[in-house]
Amino acid sequence: AQSVTQLGSHVSVSEGALVLLRCNYSSSVPPYLFWYVQYPNQGLQLLLKYTTGATLVKGINGFEAEFKKSETSFHLTKPSAHMSDAAEYFCAVREYYNQGGKLIFGQGTELSVKP
Amino acid sequence: GAVVSQHPSWVICKSGTSVKIECRSLDFQATTMFWYRQFPKQSLMLMATSNEGSKATYEQGVEKDKFLINHASLTLSTLTVTSAHPEDSSFYICSARYSNQPQHFGDGTRLSIL
């Protein structure tokens, strides 16, 4: 069975500082991995995804993530935090398509950005 | 980008009534739609998966007679919370996907049962 663990339910950084949100996954097959962002009282917006190919994936709003198979990790980073980055972030792994392709979400990490 | 519209965004109703939530894919055909429930400060909990023209597949522990899901067309799925009670109050989110593409999420519905 696949699973996702996000280390740290709450991360706080200063504006302009590096953002690092950690995600580790468990999967017996090559994973499809996703990062989503959720602003208060809204749905989820796709930040970036990894399926195959290049392991460093660039997404929207300056975020990127690197797939490291040896570490079973897919950490999300952004070089310089902005106040508008404050939100809840979810890492997810997708079931194999022929098994339904459901998303398995991590517990979420709330990012706070201090001025 | 792909747009999923969810309506209503907020609903308050009395205990015992039924509430219908709509989820529409506006610019693509949604072969599969998903319904999630989210409690405050928690992750999304998948309730059910529906494929167009088929009965929904419910996750373990989700009452199918309580949460009726209809996916009658490639652009519309509905979730009806029947005989709603205060414990059904929650944030409900739908998502839609075309074939093997990523899921796109609606903006959610805040349901409050008095």
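Which chain is which? The protein sequence lines are A and B, in order. Each residue of the first sequence is one higher than the last, beginning at 85 in the working numbering. Each residue of the second sequence is one higher than the last, beginning at 4 in the working numbering. Ideal placement from N, C-alpha and C gives every residue a C-beta, glycine not left out.
* Compute the Euclidean distance between the alpha carbons of Val22(B) and Thr83(B), then round it to the nearest angstrom. => Within the second sequence, residue 22(B) is the residue found at index 19, counting from 1. Within the second sequence, residue 83(B) is the residue found at index 80, counting from 1. Taking the straight line joining both Cα atoms gives about 5 Å.
* Asked: Taking DSSP as the reference, what is the three-state secondary structure of Glu194(A)?
  -> Against the first sequence, residue 194(A) aligns to sequence position 110. Collapsing the DSSP output to three states places Glu194(A) in a strand.
* Any chain A beta carbon closer than 8 Å to Phe31(B) -> Counting from 1 along the second sequence, the entry for residue 31(B) is found at position 28. So, not an interface residue.
* Asked: What is the rounded straight-line gap between the Cα of Ser8(B) and the Cα of Leu79(B)?
  -> Within the second sequence, numbered from 1, the residue matching residue 8(B) stands at position 5. Within the second sequence, numbered from 1, the residue matching residue 79(B) stands at position 76. Whole-angstrom Cα-Cα distance: 10 Å.
* **chain B contacts from the segment 152 to 166 of chain A (Cβ-Cβ distance under 7 Å)** => Answer in chain order: no residues at all.
* How long is the line joining the alpha carbons of Gly92(A) and Glu62(B), rounded to whole angstroms? -> Indexing the first sequence from 1 puts residue 92(A) at position 8. Indexing the second sequence from 1 puts residue 62(B) at position 59. Glu62(B) has its alpha-carbon roughly 27 Å from the corresponding atom of Gly92(A).
* Asked: Secondary structure at Ser80(B), three-state DSSP: helix, strand or coil?
  -> Within the second sequence, residue 80(B) is the residue found at index 77, counting from 1. If DSSP states are grouped into helix, strand and coil, Ser80(B) belongs with the strands.
* Reference Leu117(A); option with closest CA among His10(B), Pro105(B), His88(B) and Thr112(B) -> Counting from one through the first sequence, the residue named residue 117(A) turns up at place 33. From the listed residues His10(B), Pro105(B), His88(B) and Thr112(B), the smallest Cα separation to Leu117(A) is found for Pro105(B).
* Asked: Count the other CB atoms within 10 Å of the CB of Lys198(A); is the residue buried (16 or more) or exposed (fewer)?
  -> Within the first sequence, numbered from 1, the residue matching residue 198(A) stands at position 114. Classified as exposed, Lys198(A) has fewer than 16 neighbouring CB atoms from the shown chains inside 10 Å of its CB.
* Looking at C-alpha atoms only, which residue of Tyr180(A), Thr193(A), Leu195(A) and Tyr123(A) is the closest neighbour of Gln86(A)? -> Stepping through the first sequence from its first residue, residue 86(A) is reached at position 2. Residue Tyr180(A) holds the alpha-carbon nearest to the alpha-carbon of Gln86(A) among Tyr180(A), Thr193(A), Leu195(A) and Tyr123(A).
* Asked: If you scan the segment 29 to 96 of chain B from start to end, which runs of the beta strand (DSSP E) of 3 or more residues do you find wholly inside it?
  -> For the segment 29 to 96 of chain B, whole beta strand (DSSP E) runs of length 3 or above, ordered along the chain, are 35 to 41, 47 to 54, 70 to 76 and 79 to 84.
* For Phe147(A), decide whether its Cβ has a neighbour in chain B, counting only Cβ atoms nearer than 8 Å. => Counting from 1 along the first sequence, the entry for residue 147(A) is found at position 63. Under the Cβ distance rule, Phe147(A) does not count among the residues neighbouring chain B, no pair being separated by less than 8 Å.
* chain B contact residues for Lys198(A), given Cβ-Cβ distances below 8 Å -> Residue numbering aside, residue 198(A) sits at position 114 when the first sequence is read from its first letter. Residues of chain B passing the Cβ test: none, with the nearest at roughly 20 Å.
* Proximity below 8 Å, CB of Thr85(B) to CB of Leu71(B) -> By 1-based counting over the second sequence, the position of residue 85(B) is 82. By 1-based counting over the second sequence, the position of residue 71(B) is 68. Contact: yes.
* Output, in chain order, the set of chain B residues within a Cβ distance shorter than 9 Å of Asn125(A). => Position 41 of the first sequence, counted from the first residue, corresponds to residue 125(A). Within chain B, the residues near Asn125(A) are Ser12, Trp13, Phe94, Asp110, Gly111 and Arg113.
* Asked: Hey, is Gln191(A)'s beta-carbon within less than 8 Å of any beta-carbon in chain B?
  -> Here residue 191(A) corresponds to residue number 107 of the first sequence, with the count starting at 1. Yes, Gln191(A) counts as interfacial toward chain B.
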